[in-house]
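J.:
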Amino acid sequence: MRLLLVEDDVDVAETLVVYLERQGFVVDVAPSLAIARTAIDANDFDLVLLDRGLPDGDGVSLIAYSAHRNRRQRYIILTAMATPDHRVEGLESGADDYIAKPFEPRELLARIRIALRRSLEARRETRQFGPLMHDLESGVFFIDEAPLTLRRTEALVLEALMARPGAVIQRETLEARVYGYDKVVNANSLESQISRLRTNLARRTDKVRIQAVRGLGYCLATEG
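Under UniProt numbering, think of the first position of the sequence shown as 1, with each following residue one higher.
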């Protein structure tokens with residue numbers, strides 16, 4: 001079995017490589033996201049052990065990178081970022097497991113063996129529009145392979161727009177998607193969601209925008 005260890009701490013990487021190779025694994029090491037992306041593009045790994053705090057970004061973005069290129073991998077995140085929010089974010093991004101540092105090597109080995117028993121037959125279904133990607137399995141949005149943090153209501157609006165990018169989605173359809181069909185909705189409620197969503201998108205990219213079509217609704221448009 002061939003593993004990719006994405007870890008920038010030299011001591012941690014060397015210790016894990018020695019231990020895992022004694023267990024019969026072939027282990028390649030990538031100390032940065034850039035090197036990890038190159039490795040993923042060029043090789044088929046049975047599993048990736050992934051740190052989050054890398055010198056060139058959050059390691060979680062590698063999961064979206066792989067999905068975007070239909071490179072099927074199993075992922076176990078190994079990180080000191082271990083709050084409940086961090087765990088949820090990592091698992092929802094598509095990781096098979098999430099282990100906080102420091103950890104017991106024997107536990108890691110057990111979790112690797114469990115993850116390797118899982119099939120990779122089913123590919124993750126995604127939608128792509130410019131730099132914006134929606135992972136339909138987890139519900140998470142990504143911009144340039146990095147997770148986009150949204151409120152639930154904002155995510156529901158963007159999900160509806162991503163279902164038909166470039167097409168006008170009627171205001172009533174968006175309101176029903178966010179608030180339900182049987183709710184009385186304040187006239188400005190949807191505009192508030194759209195405004196926040198526009199702000200969140202603009203912070204991350206100038207290639208995707210939400211365009212208002214007077215009297216009809218909204219559509220997702222791309223620049224360039």
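Glycine included, C-beta positions come from ideal geometry on N, C-alpha and C. Computed from a predicted model, the values in this text were never measured in an experiment.
In its own chain, which residues sit with a C-beta less than 8 Å from the C-beta of residue 107, not counting the 5 before and 5 after it?
T.: Within the same chain, residue 107 has close Cβ partners 99.
J.: Which class does residue 2 belong to by DSSP, given the choice of helix, strand or coil?
T.: Note: residue 2 maps to strand in three-state DSSP.
J.: Measuring only the C-alpha atoms, how far is residue 123 from residue 41?
T.: Because the pLDDT at residue 123 is just 49, under 50, the model does not fix this residue reliably, and the value given afterwards should be weighed accordingly. Their backbone Cα atoms lie some 17 Å apart in a straight line.
J.: I need the straight-line Cα distance from residue 130 to residue 166, nearest angstrom please.
T.: For residue 130 and residue 166, the distance between alpha carbons rounds to 11 Å.
J.: Which class does residue 97 belong to by DSSP, given the choice of helix, strand or coil?
T.: DSSP places residue 97 in strand when its eight states are reduced to three.
J.: Can you look up residue 82 in the DSSP assignment and give me helix, strand or coil?
T.: Note: residue 82 maps to coil in three-state DSSP.
J.: What does a CB cutoff of less than 7 Å around residue 222 pick up in its chain, not counting 5 residues either side in sequence?
T.: Contacts found: 129, 130, 207, 208.
J.: Which complete beta strand (DSSP E) runs does the UniProt domain "OmpR/PhoB-type" (124–222) hold, if anything under 3 residues is left out?
T.: With a minimum length of 3 residues, the continuous beta strand (DSSP E) runs that stay inside the UniProt domain "OmpR/PhoB-type" (124–222) are 126–129, 132–135, 141–143, 146–148, 208–213, 217–222.
J.: Where do the ends of the alpha helix (DSSP H) carrying residue 29 lie?
T.: It is not in any alpha helix (DSSP H) - residue 29 instead sits in the beta strand (DSSP E) that spans 26–30.
J.: Do you know how far the Cα of residue 6 is from the Cα of residue 32?
T.: For residue 32 and residue 6, the distance between alpha carbons rounds to 7 Å.
J.: Mapping DSSP to helix, strand and coil, what is residue 46?
T.: Reduced to three states, the DSSP call for residue 46 is coil.
J.: Could you check how far apart the C-beta atoms of residue 78 and residue 101 are, in whole angstroms? I think they sit under 8 Å.
T.: Sure, about 6 Å apart at Cβ, within 8 Å.
J.: Thinking C-beta only, is residue 178 closer than 8 Å to residue 213?
T.: Result no, Cβ atoms of residue 213 and residue 178 do not sit closer than 8 Å.
J.: Are residue 2 and residue 46 touching if we call contact CB-CB under 8 Å?
T.: Taking 8 Å as the Cβ cut-off, residue 2 and residue 46 qualify as a contacting pair.
J.: Quick one, are the C-beta atoms of residue 64 and residue 76 less than 8 Å apart?
T.: No, the pair does not count as a contact, with Cβ atoms beyond the cut-off.
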